[in-house]
Amino acid sequence: MKILVAVKRVIDYNVQIRVKEDNSGVVTDNVKMSTNPPDDNAIEEAVKIKEAGKAKEVVAVSVGEEKAQETVRKALAVGADRGILVKVNGVIEPLAVSKILKKIVEKEKPDLVFMGKQAIDDDCNQTGQMLAALLNWPQATFASKIEVKEKTLEVTREVDEGLETIEVNVPAIVTCDLRLNEPRYASLPNIMKAKKKPIEQISAGDLGVDVKSRIEQIKVEEPPKRKAGIKVASVEELVQKLKNEAKVI
Ligand code: AMP
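According to the numbering used here, the sequence shown holds residues 199 to 447 in order.
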């Protein structure tokens, strides 16, 4: 079995996001970038499945600028066998990413595609679903447990009502939740070894995919500042304020 894992380079989750002065987007210059957090869970799960002897190869793919190579390299350092970087300049939307991933899937013929449930920069939660639709493959989104069976996968999903367990036929798309596992850290020897693993570079143009934006971003603004809270002296005072001032009870 071969597993393809999509990893996106995003602003690190610890960074305090700042909006550009001209409201055209957020500041990315000199800002720490990292792998999108649930994509680390996707890589970890793929590597665990390989370590359990149920997969032969794990391939990490990223779509983005030259620097996204670092994201692919990190996936190689935690156990992926080889990488693919599809080079695109500027911001790329989920529809274009899923069209590119479809081409990669047609070329690589993986049995499974693992992705993150959502990218923390655009918060779209669309790419996996769109890829499943384009390939006409089953999808299991928000996976918090994955069991590989003979020709199927049993996936436990994090849904609003709690947990849902479904069985999907392979090949399938799985989008991973943060609860799926605890991603490992890359050890120094593995970081060194990863430098020798191959990363194939392709341009989106070579794949014949039109990456033009379909969404026009009009303005990016800071959320309104929250007012300072107050301390109440007793539960009675809290209840009275909730009733008479906030009028929520
Ligand atoms: P989104 O639909 O933007 O919330 O992204 C969901 C998932 O799709 C991410 O967690 C990644 O696994 C994958 N993905 C989105 N954009 C990219 C990209 N540019 N390169 C690689 N994977 C991506």
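We put the CB at the ideal spot given by N, CA and C, even for glycine.
Cα-Cα separation between residue i and residue j, rounded to whole angstroms
{"i": "Asn239", "j": "Thr325", "result": "16 Å"}
{"i": "Leu274", "j": "Ile201", "result": "13 Å"}
{"i": "Glu434", "j": "Pro421", "result": "33 Å"}
{"i": "Val276", "j": "Ile302", "result": "22 Å"}
{"i": "Glu414", "j": "Leu293", "result": "14 Å"}
{"i": "Pro336", "j": "Thr363", "result": "14 Å"}
{"i": "Met328", "j": "Lys425", "result": "39 Å"}
{"i": "Ser232", "j": "Lys254", "result": "27 Å"}
{"i": "Lys395", "j": "Leu386", "result": "15 Å"}
{"i": "Val346", "j": "Glu304", "result": "22 Å"}
{"i": "Lys285", "j": "Gly223", "result": "21 Å"}
{"i": "Val270", "j": "Asp358", "result": "32 Å"}
{"i": "Leu405", "j": "Pro381", "result": "32 Å"}
{"i": "Val217", "j": "Val289", "result": "16 Å"}
{"i": "Lys315", "j": "Ile389", "result": "26 Å"}
{"i": "Val353", "j": "Gly427", "result": "42 Å"}
{"i": "Ala278", "j": "Asn234", "result": "16 Å"}
{"i": "Lys417", "j": "Asn221", "result": "6 Å"}
{"i": "Leu361", "j": "Met313", "result": "19 Å"}
{"i": "Lys252", "j": "Leu376", "result": "22 Å"}
{"i": "Lys272", "j": "Val213", "result": "19 Å"}
Within 7 Å, strictly: CB atoms of residue i and residue j
{"i": "Leu378", "j": "Ala330", "result": "no"}
{"i": "Val368", "j": "Lys343", "result": "no"}
{"i": "Ile298", "j": "Tyr211", "result": "no"}
{"i": "Val259", "j": "Ile241", "result": "no"}
{"i": "Val229", "j": "Ile247", "result": "no"}
{"i": "Pro236", "j": "Cys322", "result": "no"}
{"i": "Val295", "j": "Ile371", "result": "no"}
{"i": "Ala244", "j": "Val261", "result": "no"}
{"i": "Leu332", "j": "Lys300", "result": "yes"}
{"i": "Arg207", "j": "Ala250", "result": "no"}
{"i": "Ala338", "j": "Val366", "result": "yes"}
{"i": "Ser411", "j": "Glu291", "result": "yes"}
{"i": "Ile447", "j": "Leu440", "result": "yes"}
{"i": "Met199", "j": "Asp320", "result": "no"}
Span of the beta strand (DSSP E), counted from its first residue to its last, around residue i
{"i": "Ala278", "result": "Run containing Ala278: none; DSSP gives neither H nor E here."}
{"i": "Ile247", "result": "Not the beta strand (DSSP E): Ile247 falls in the alpha helix (DSSP H), residues 235 to 249."}
{"i": "Lys426", "result": "Note on residue identity: the sequence assigns Ala, not Lys, to residue 426. Run containing Ala426: none; DSSP gives neither H nor E here."}
{"i": "Arg412", "result": "Arg412 -> no beta strand (DSSP E), and no H or E assigned at all."}
{"i": "Ala258", "result": "255 to 262"}
{"i": "Ile201", "result": "200 to 204"}
{"i": "Val311", "result": "310 to 314"}
{"i": "Arg207", "result": "207 to 209"}
First through last residue of the alpha helix (DSSP H) which encompasses residue i
{"i": "Ala294", "result": "292 to 306"}
{"i": "Thr325", "result": "325 to 333"}
{"i": "Lys441", "result": "433 to 442"}
Return the chain-ordered ranges of every beta strand (DSSP E) run that is complete within the stretch 343 to 407 and spans a minimum of 3 residues.
-> 350 to 357, 360 to 367, 370 to 374, 397 to 401
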